[in-house]
Amino acid sequence: MNTVLAGNPPAPSILSRTAIAAGGENRAEFAAAGASAKNDRMSVPANAMVSFEAVSKRFPANRSSAEVVALDAIELDVPRGSVTGIIGRSGAGKSTLIRLVNGLEKPSSGRVIVDGVDVAALGEDRLRDVRRSIGMVFQHFNLLSSRTAYQNIALPLEIAGVDRRVIEARVTPLLGLVGLTDKRDRYPSELSGGQKQRVGIARALATQPKLLLSDEATSALDPETTRSILALLKQINTELGLTVLLITHEMEVVKTVADQVAVIDRGAIVERGTTFDILSAPKHETTRALLAGLPSLRLPAFLAEQLRPEPSAGSRAVLRISFAGDSATQPILSRLGQVTGVEVNILAGAIDEIGGRPFGSLVVSIAGESKTLAKAEKHLAGQGLQTEVLGHVA
Amino acid sequence: MSPEIFKLLLQSTGQTLYMVAIAGLIGSLVGVPLGVFLATSGRGELYAAPAANKVLGAIVNATRSTPFIILVVAIIPFTRLVAGTSIGTSAAIVPLTVATVPFVARLVEAAIREVDPGLIEAARAMGASPLQIVTKVLLAEARPGITLALTLTVVSLIGYSAMVGAVGGGGLGDLGIRYGYQRFMPDVMAAVVIVLIVLVQAVQSAGDMLARRFDKRSRPR
Chain A
4 MNTVLAGNPP APSILSRTAI AAGGENRAEF AAAGASAKND RMSVPANAMV
54 SFEAVSKRFP ANRSSAEVVA LDAIELDVPR GSVTGIIGRS GAGKSTLIRL
104 VNGLEKPSSG RVIVDGVDVA ALGEDRLRDV RRSIGMVFQH FNLLSSRTAY
154 QNIALPLEIA GVDRRVIEAR VTPLLGLVGL TDKRDRYPSE LSGGQKQRVG
204 IARALATQPK LLLSDEATSA LDPETTRSIL ALLKQINTEL GLTVLLITHE
254 MEVVKTVADQ VAVIDRGAIV ERGTTFDILS APKHETTRAL LAGLPSLRLP
304 AFLAEQLRPE PSAGSRAVLR ISFAGDSATQ PILSRLGQVT GVEVNILAGA
354 IDEIGGRPFG SLVVSIAGES KTLAKAEKHL AGQGLQTEVL GHVA
Chain B
-3 MSPEIFKLLL QSTGQTLYMV AIAGLIGSLV GVPLGVFLAT SGRGELYAAP
47 AANKVLGAIV NATRSTPFII LVVAIIPFTR LVAGTSIGTS AAIVPLTVAT
97 VPFVARLVEA AIREVDPGLI EAARAMGASP LQIVTKVLLA EARPGITLAL
147 TLTVVSLIGY SAMVGAVGGG GLGDLGIRYG YQRFMPDVMA AVVIVLIVLV
197 QAVQSAGDML ARRFDKRSRP R
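Have a look at this one:
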């Protein structure tokens, strides 16, 4: 099967210029990697599968609305062989961003380099060839209702003018890869959402692309189906060496499959780095807000209701302590009590993992005034732990 | 009913079928592409040509807003140009076709506009050319709708063909007016009505069946 499918040999994930921003303790290391990648850029222009260079997209004003700046000076690299996630709320510009990659949208300014070619500068004819080397998966699957699973997967090959026998040889193993061999002659209306998306993924792989774009591929699916589709995407990434660029509004998706993540808010990238760094030490408010949706970080309802932004007499400060990597296994709480003499009360907590590295958070309350709180925060910061004051409870 | 009248009934049925078949065929051959164009030539669409879209749309509307019996008479010079005469069954096909084209075009346009724009986007993302999008996506997905549109067209044509008796077109409608009405022969009128009902039923049932067969959107098993 791999002999048919593997269009590109797996490439090592190269940390490049802007894909990684400074994050926590690894700041120096990333800065170094960034600098070297920048220098290499001229000699090895294709170290990233996709590069956005000063990309802006404005939708001109019309009768019903003023000019909209959908994207503002985006700089972003998608490393070859990586799974890169772009996360943002709806309306943040992520849909526009992903559509620039295969030329469904044209930037107002800037360059979008895909595998060494500026797609923004291509005419429709050349663009069609480029699109055949980029697969795309959609939130609402976008399968033809008049075609069976097999015929849907065959469509991009028919469009590319591939011989019928070659199509047969290509589509059959793809049906196997996505686990739908027995649904070959079923119409989309006879398939479940997850099965439809599997057909969508197989279709995106039919032309043996080097890059797979995923536009909210799991947003219309239930949590269990989402997990299986994400596992399939990850499998495709590792087995076929395909670069995957996905956009989503769910941190869970990023956490599960992405190596790299960029957070987009109101048309600008506000934070980026490895998934582990961003999730364990979020800097930007938007990132924190999106993280709050993660099941393991969600605040218990009883607690969320009681939280007040300002302290009052006798109130206790509520603190979120984020663990990452090694610190997750240290006895930090008891040490905090011993060293600072602060009384610590555990309210909620969970340990999760990202890419095999432990990561978690504890929500604790601390009695006492602001001086005690500052002392505790200082101690925790000294331990390399990230803390965030969520509020105060009476 | 006398054998002569029966013969007339058969002959008239034949004329009606002949007019409907030819006008339906030519009307569809012109109307379907026109409908595709109307559905894809708006601003920012596949074959964006907003000016041509507006002009053709206006012509289509003008033709459709003219009552058929007026159209028959109004285009007599054109009919004479095309058919060599303005009288008779073959000549009647000209106004029938002229009325069919915009009718088919608007119905096909509507059927194509029903196709999920997401499918067009998916096809573009695959590197499809506009022509491939039309043939492999739009026409394929709109096939049930287009089938129903053509069925409705044939049913309407059967009705229109009853009016071309005014220019000597013959057909079932003409028989009904001249014998059933003007000569007070209620049995002829009844026969005409029954034949028309059977024809329309047959066409509609066949069209529905085909459309159902083409429609894979909801078929629970």
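Chains as they are written, first to last, in the working numbering: chain A, 4 to 397; chain B, -3 to 217.
Every residue gets a Cβ at the ideal spot worked out from N, C-alpha and C, and that includes glycine.
Bear in mind that the values here come from a model prediction, so they are computed numbers and not experimental data.
Ile324 of chain A vs Val392 of chain A beta-carbon contact at 8 Å: Between Ile324 of chain A and Val392 of chain A, the gap from beta carbon to beta carbon reaches 8 Å or more.
Pick from B:Val100, B:Ser157 and B:Arg213 that is closest to Phe64 of chain B, judged by C-alpha positions: B:Ser157
Suppose contacts are defined by Cβ-Cβ distances below 8 Å. Is Val81 of chain A in contact with Ala51 of chain A by that definition? yes
Any idea if Arg131 of chain A is buried or exposed, counting beta-carbon neighbours within 10 angstroms, 16 or more meaning buried? buried
Arg134 of chain A at chain E interface by Cβ criterion, 8 Å: Chain labels in this structure do not include chain E; the protein chains are A and B.
Assuming Met159 of chain B contacts Val68 of chain B under a Cβ cut-off of 8 Å, what Cβ separation, rounded to an integer in Å, is found between them? 7 Å
Are the stretch 249 to 267 of chain A and the stretch 89 to 105 of chain A touching by the rule of at least three beta carbon pairs closer than 8 Å? Per the Cβ contact rule, the stretch 249 to 267 of chain A is in contact with the stretch 89 to 105 of chain A (3 or more Cβ pairs under 8 Å).
So Glu117 of chain B contacts chain A; which residues on that side make the cut at Cβ distance below 8 Å? Leu107, Phe141 and Asn145
Return the chain-ordered list of same chain residues with a C-beta closer than 8 Å to the C-beta of Gly363 of chain A, the five sequence neighbours on each side being excluded. The residues are Ser299, Ser325, Phe326, Ala331, Gly352, Ala353, Ile354 and Asp355.
Could you tell me which uninterrupted beta strand (DSSP E) segments, each at least 3 residues in length, are contained entirely in the stretch 326 to 380 of chain A, listed from first to last along the chain? 347 to 357 and 360 to 369
Going by DSSP in three states, Pro82 of chain A sits in which element: helix, strand or coil? strand
Run through the stretch 247 to 282 of chain A for me and flag every whole beta strand (DSSP E) of 3 or more residues, listed as ranges in chain order. 263 to 268 and 271 to 277
Pairing CB atoms from the stretch 185 to 198 of chain A with CB atoms from the stretch 126 to 142 of chain A, are three or more of them under 8 Å? Verdict: no, contact absent.
Considering only residues of the same chain and omitting the five flanking positions on each side of Thr143 of chain B, which have a CB-CB separation below 7 Å? Gly203, Leu206, Ala207 and Phe210
Please report the straight-line C-alpha distance between Ala58 of chain B and Val51 of chain B, rounded to a whole angstrom. 11 Å
If I'm right that Thr289 of chain A touches Ile281 of chain A with Cβ under 8 Å, what's the distance once you round it to whole angstroms? In fact, because the Cβ distance is near 11 Å, the residues do not count as touching under 8 Å.
Can you name, in chain order, every residue of its own chain whose Cβ lies under 8 Å from the Cβ of Arg61 of chain A, other than the five neighbours on each side? Glu70, Val71, Val72, Ala73 and Ser111
In the stretch 105 to 137 of chain B, which residue ranges form an unbroken alpha helix (DSSP H) of at least 4 residues, counting only runs that do not cross its ends? 113 to 121
Ends of the alpha helix (DSSP H) at Val51 of chain B? Pro46 to Ser61
Measure from the C-beta of Ser192 of chain A to each C-beta in chain B and report whether the shortest distance is under 8 Å. yes
Contact defined as beta carbons within less than 8 Å: I believe Gly203 of chain A pairs with Leu245 of chain A. What is the distance between those atoms, to the nearest angstrom? At roughly 15 Å, the Cβ-Cβ gap does not stay under 8 Å, so Gly203 of chain A and Leu245 of chain A are not in contact.
Leaving aside the five residues before and after Pro48 of chain A along the sequence, list all residues of the same chain whose C-beta is less than 7 Å from its C-beta, in chain order. Because Pro48 of chain A sits at a pLDDT of 43, beneath the cut-off of 50, its placement in the model cannot be relied upon, and the point is left open.
Beta-bridge pairing of Arg311 of chain A - partner residues as DSSP gives them: A:His395
Nearest to Glu255 of chain A by alpha carbon, out of A:Asn240, A:Ile232, A:Gln238 and A:Ile239? A:Ile232
Three-state secondary structure (DSSP) of Gln200 of chain A: helix
Is Gln11 of chain B buried or exposed, if buried means 16 or more other CB atoms sit within 10 Å of its CB? buried
Along chain B, which residues have their Cβ under 9 Å away from the Cβ of Glu161 of chain A? Gln128 and Lys132
Run down chain B in chain order and give the residues with a C-beta less than 8 Å from the C-beta of Ser373 of chain A. Chain B residues near Ser373 of chain A: none, gap ~54 Å exceeds 8 Å.
Does DSSP put Leu300 of chain A in a helix, a strand or coil? coil
Inspect the beta-carbon positions of Gly38 of chain B and Pro46 of chain B and report whether they are closer than 8 Å. Cβ distance < 8 Å, so Gly38 of chain B and Pro46 of chain B count as in contact.
Counterpart residues of Val72 of chain A in DSSP-defined beta bridges: A:Arg61
If you reduce the DSSP assignment to three classes, tell me which class Ser217 of chain A lands in. Reduced to three states, the DSSP call for Ser217 of chain A is strand.
Return the residues of the stretch 202 to 214 of chain B that lie within a Cβ-Cβ distance of less than 9 Å from chain A, sorted by chain order. Phe210, Asp211, Lys212, Arg213 and Ser214
Please report whether the beta-carbon of Glu110 of chain B lies at a distance below 8 Å from any beta-carbon of chain A. no
Is the beta carbon of Thr229 of chain A closer than 8 Å to that of Thr221 of chain A? Yes, the Cβ-Cβ distance between Thr221 of chain A and Thr229 of chain A is below 8 Å.
Between which residues of its own chain and Ser39 of chain A is the CB-CB distance below 6 Å, once the five residues before and five after are set aside? Caution applies to Ser39 of chain A, whose pLDDT of 40 falls short of 50 and renders its modelled position unreliable; the value that the coordinates give is listed next. Around Ser39 of chain A: no qualifying Cβ.
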